[in-house]
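What follows is a set of notes on a single structure, which appears directly below.
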Amino acid sequence: MADPVATERRPARERPLYETDYCAWIQEQVALLRAGRLDEVDAARLAEELDDVGKSEHAKLESALRVLVMHMLKWDQQPEHRTPSWVFSIREQRRRYRRLVEQSPSLAAKRDLLLGHAYPTARDWAANETSLPVDEFPDACPYSWDDLLERPFEVDRMPPR
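Residue numbering for the sequence shown follows the working numbering, starting at 341 and increasing by one per position.
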């Protein structure tokens, strides 16, 4: 059976696989781990990549919260401009939130921190999209977690135009 990891010798001056073909480097590291060849794993870079994956999951959750809150602020501030797309966006961001927390339950412990990071931008975006001054929106997030995740938003609750 062929070696699961190609151990081609590269000249010292050649750039490492990590820099020239990231996906190939990942597959090489996976093959080394599966083969139990831990002494050949690029542990420092692999640890850095795993740390980045964790940061990426935090960023995804913060992004979902930012968009969710922006649409809720717009909904509350300008009922006369409500659109079905706001409802659909709220639903989608709630789904993203739930999916991320389901896949990584430890994210739930950081949700208050991430909401705190997301709110100022959500507030700015809501102000920009509504053409209202930013001070028309609360300084701090006005929504409880029950509001964020359970409050009903229905197209049929929209005022007539």
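The beta-carbon is built from N, C-alpha and C at its ideal position, and this holds for glycine as well. Since we're looking at a predicted model, the values are computed, not measured.
For the 9 Å CB-CB criterion, Ser429 and Leu401 do not form a contact.
Rounded to whole angstroms, the gap between the alpha carbons of Trp415 and Glu388 is 41 Å. Between the region 442-449 and the region 367-378 there are fewer than three inter-stretch CB-CB distances shorter than 8 Å, so the stretches are not counted as touching.
Between Leu472 and Leu405, the CB-CB gap reaches or exceeds 9 Å. The alpha carbon of Arg439 has as its nearest neighbour, out of Arg422, Glu469 and His398, the alpha carbon of His398.
Taking the C-beta atoms as reference points, Met410 is found nearer than 9 Å to Trp465.
Per the coordinates, the alpha-carbon of Tyr483 lies some 33 Å from the alpha-carbon of Leu390. The residues Lys414, in chain order, have a CB closer than 7 Å to that of Glu469 in the same chain once the five nearest residues on each side in sequence are set aside. As the crow flies, the alpha-carbon of Asp475 is around 24 Å from that of Phe493. The beta-carbon distance between Phe477 and Arg491, rounded to whole angstroms, is 17 Å. This is too long to meet the 8 Å contact definition.
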